[in-house]
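Working notes, structure below.
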Amino acid sequence: MSFFDNTLALIDKASSIMHLGAGAKSILSNPDRIIQVSVPVKMDSGEVKVFTGFRVQHCNLPGPYKGGIRYHQDVNMEEVKALATLMTFKCSVVGIPLGGGKGGIIVNPKELSKRELEAMTRGYAEAIAQFVGPTIDVPAPDVNTDGQIMAWFADEYSKVKGGENLPGVVTGKPLAYGGSLGRDKATAQGGFYVLDEVMKQKGLDAKKTRVVIQGFGNAGSHCAEILDKAGYKVVAVSDSKGGIYCADGIHVTNALSCKFEKGSIQECQDVSMTAGQKCERITNEQLLELECDILVLSALENQVNSQNVNNVKAKMILELANGPTTTEADEVLKQKGIVVIPDILANAGGVTVSYFELVQNQANFYWSAEEVETRLKEIMVKSWNRVDEMHTKFNTTYRMGAFISAFDRLDQIMKVRGIV
Ligand code: NAD
Numbered sequence: 097m098s099f100f101d102n103t104l105a106l107i108d109k110a111s112s113i114m115h116l117g118a119g120a121k122s123i124l125s126n127p128d129r130i131i132q133v134s135v136p137v138k139m140d141s142g143e144v145k146v147f148t149g150f151r152v153q154h155c156n157l158p159g160p161y162k163g164g165i166r167y168h169q170d171v172n173m174e175e176v177k178a179l180a181t182l183m184t185f186k187c188s189v190v191g192i193p194l195g196g197g198k199g200g201i202i203v204n205p206k207e208l209s210k211r212e213l214e215a216m217t218r219g220y221a222e223a224i225a226q227f228v229g230p231t232i233d234v235p236a237p238d239v240n241t242d243g244q245i246m247a248w249f250a251d252e253y254s255k256v257k258g259g260e261n262l263p264g265v266v267t268g269k270p271l272a273y274g275g276s277l278g279r280d281k282a283t284a285q286g287g288f289y290v291l292d293e294v295m296k297q298k299g300l301d302a303k304k305t306r307v308v309i310q311g312f313g314n315a316g317s318h319c320a321e322i323l324d325k326a327g328y329k330v331v332a333v334s335d336s337k338g339g340i341y342c343a344d345g346i347h348v349t350n351a352l353s354c355k356f357e358k359g360s361i362q363e364c365q366d367v368s369m370t371a372g373q374k375c376e377r378i379t380n381e382q383l384l385e386l387e388c389d390i391l392v393l394s395a396l397e398n399q400v401n402s403q404n405v406n407n408v409k410a411k412m413i414l415e416l417a418n419g420p421t422t423t424e425a426d427e428v429l430k431q432k433g434i435v436v437i438p439d440i441l442a443n444a445g446g447v448t449v450s451y452f453e454l455v456q457n458q459a460n461f462y463w464s465a466e467e468v469e470t471r472l473k474e475i476m477v478k479s480w481n482r483v484d485e486m487h488t489k490f491n492t493t494y495r496m497g498a499f500i501s502a503f504d505r506l507d508q509i510m511k512v513r514g515i516v
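Under the numbering used here, the sequence shown has 389 at position 293, and the numbering climbs by one with no breaks.
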């Protein structure tokens with residue numbers, strides 16, 4: 097089943113639990129607009145390479161389309177459609193006035209020089225400029241894209257639009273160019289606020305909680321830092337090349353600087369909390385099957401699937417990645433009693449602070465880090481309470497509770513606008 101089919105299956109399931117009208121369900125199952133562009137780049141060698149880029153605009157009923165741009169060799173239209181769809185539901189779960197979109201380019205950015213990366217980003221910005229804008233569609237970083245890439249995008253867009261300075265066309269920008277304090281760690285921070293509520297509700301103690309984290313990029317590495325600071329014991333982490341396991345816990349700060357220096361976490365075996373003890377090298381498959389209390393998924397989609405779900409031993413899963421669990425696997429997790437804090441709630445902190453960035457750009461007035469954190473916490477806790485309420489009311493999983501919470505708000509908008 098493709099990632100998009102998987103997403104449609106979730107829409108089906110939630111719609112039938114809450115008896116969503118057929119018209120509303122059909123609208124939510126079909127993206128508004130699908131854009132594909134060719135981006136020619138003169139490479140350092142002099143050769144011209146043409147990269148394929150996408151932008152999918154799923155729904156703008158609550159406000160402008162909003163969603164990241166992914167650079168990855170496996171990017172494809174079905175994936176971008178699924179991610180755009182999930183963005184609509186994510187914004188709705190946290191009740192922010194934005195819709196859903198997503199973009200991507202088929203490229204392994206690690207094979208490009210900095211100049212080539214900039215040229216490709218500017219080419220992509222130019223190619224989709226007529227479809228995006230601060231009140232139309234606002235991209236952001238995702239896998240393998242960052243603040244620098246957002247700054248190039250905004251700079252090119254501003255030039256295409258005749259020189260008006262329009263940093264609000266993207267979020268996740270560097271602080272020097274209209275970024276928001278707290279945006280870099282927002283995804284992980286938002287996930288933490290929800291996890292903290294779940295831990296309190298279940299009477300669990302952070303100090304006795306062992307955590308395994310798949311993916312050590314923006315979401316995963318900030319999550320490791322935040323959980324470590326809160327007293328959790330992070331015992332394993334991984335990146336695309338594989339992972340490490342330290343029975344006595346990982347010294348997260350040392351692991352981060354080692355990963356930065358050596359490029360791969362598997363090269364960092366000397367980061368155990370116990371001096372002199374070597375961490376074990378493990379594969380990503382082994383990591384997902386480790387005994388632990390919490391498994392944080394912060395890499396890519398379809399990681400827990402029908403092939404490995406029976407071997408998952410975590411008691412709880414925090415989905416910072418988008419779509420990391422397939423629908424088949426989700427059903428098994430439910431039967432095994434493994435609690436899943438679903439992506440559209442768990443990782444919504446990122447888009448929430450992106451929304452704050454947009455508001456700050458529009459007002460041209462910038463908030464303190466404390467203000468960002470306080471507002472983020474308030475939204476995440478409120479959203480969790482609403483999801484928990486739906487989960488109880490409909491006697492269903494947190495994932496379905498989150499979908500129902502999102503659909504209920506979207507349905508109200510469609511009704512008052514006279515669309516359904
Ligand atoms: P990133 O590029 O910063 O990091 C991705 C990490 O995953 C890297 O460490 C990479 O090496 C690792 N990885 C890739 N393939 C892997 C594999 N097969 N096994 C293990 N690790 C693997 O990206 P990110 O921004 O941290 O995004 C990660 C996930 O979180 C994505 O699903 C993204 O859509 C989602 N997300 C990100 C944000 C955000 O604000 N950055 C917001 C919401 C959701």
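Even for Gly, the Cβ is constructed at its ideal location relative to N, Cα and C.
Under DSSP, Val400 takes part in a beta bridge, and its partners are Thr421.
Spatial neighbours of Asp238 in its own chain (CB-CB distance under 7 angstroms, excluding positions within 5 residues in sequence) are listed in chain order as Gly164, Ile165, Arg166. In its chain, beyond the 5 residues on either side, Pro230, Gly264 have a beta carbon closer than 8 angstroms to the beta carbon of Gln458. For Leu213, the enclosing alpha helix (DSSP H) has its first and last residue at 210-224.
Remark: the C-beta of Val392 is outside contact range of the ligand NAD, defined as less than 7 angstroms to any heavy atom. Collapsing the DSSP output to three states places Thr349 in a helix. Cβ-Cβ separation between Val333 and Ile361: approximately 6 angstroms, consistent with a contact (criterion under 8 angstroms).
Where Ala302 is concerned, there is no enclosing beta strand (DSSP E), because DSSP gives it neither an H nor an E. Relative to the ligand NAD, the nearest heavy atom lies less than 7 angstroms away from the CB of Pro237.
Secondary structure note for Ser111: its alpha helix (DSSP H) is the uninterrupted segment 99-114. When only Cα atoms are considered, Asp335 and Ala315 end up about 12 angstroms apart. Between Met246 and Lys269, the C-beta gap is smaller than 8 angstroms, which places the two residues in contact. Comparing C-alpha distances from Pro158 to each of Ala410, Tyr451, Lys358 shows the shortest one belongs to Tyr451.
In the three-state scheme derived from DSSP, where H, G and I count as helix and E and B as strand, Glu415 is classed as strand. Phe490 sits away from Met97, with the two beta carbons spaced by 8 angstroms or more. For Gly359, the Cβ stays outside the 7 angstroms cut-off from all heavy atoms of the ligand NAD. Between the beta-carbon of Glu260 and that of Arg218 there is about 17 angstroms, and that puts the pair past the 8 angstroms contact cut. If you check the C-beta of Phe99 against the ligand NAD, you find no heavy atom less than 7 angstroms away. Bounds of the alpha helix (DSSP H) holding Gln456 are 444-459.
Look at Asn314: its beta carbon is less than 7 angstroms from one of the heavy atoms in the ligand NAD.
Judged by DSSP secondary structure, Phe227 falls outside any alpha helix (DSSP H); it is assigned neither H nor E.
In the DSSP assignment, Gln153 is bridged to Arg129, Gly197. In its chain, beyond the 5 residues on either side, Pro158, Lys162, Leu194, Gly195, Gly196, Val447 have a beta carbon closer than 7 angstroms to the beta carbon of Cys187.
The C-alpha of Ala236 is placed about 18 angstroms away from the C-alpha of Gln132.
With three or more CB-CB distances shorter than 8 angstroms, the region 504-511 counts as touching the region 109-125. Judged by their CB atoms, Ile434 and Val468 are not nearer to each other than the 8 angstroms cut-off. The ligand NAD has a heavy atom closer than 7 angstroms to the beta-carbon of Leu416. Counting C-beta atoms within 10 angstroms of its own C-beta, Glu415 has 16 or more neighbours from the protein chains shown and is therefore classed as buried. Under DSSP, the beta-bridge partners assigned to Arg166 are Gly200. For Lys198, same chain residues with a beta-carbon under 7 angstroms away, outside a window of 5 residues either side, are Val152, Gly163, Gly164, Val176, Leu179, Ala180, Met183 in chain order.
Within the same chain, Cβ atoms closer than 6 angstroms to the Cβ of Lys411 are found at Asp389, the five residues on either side in sequence being excluded. Setting aside the 5 residues that flank it on each side, Leu391 is surrounded in the same chain by Val308, Ala410, Ile413, each with a C-beta closer than 6 angstroms to its C-beta; the list follows chain order. With at least 16 other beta carbons inside 10 angstroms of its own, Ile192 counts as buried. If you ignore the 5 residues before and after Phe185, its C-beta comes within less than 6 angstroms of the C-beta of Ile440, Ala502, all in its own chain and listed in chain order. When the five nearest sequence neighbours on each side are left out, the beta carbons in the same chain lying within less than 6 angstroms of the beta carbon of Ile202 are those of Thr148, Val171, in order along the chain.
Exclusion of Leu213 from the 7 angstroms shell around the ligand NAD follows from its C-beta lying no nearer than that to any non-hydrogen atom of the ligand.
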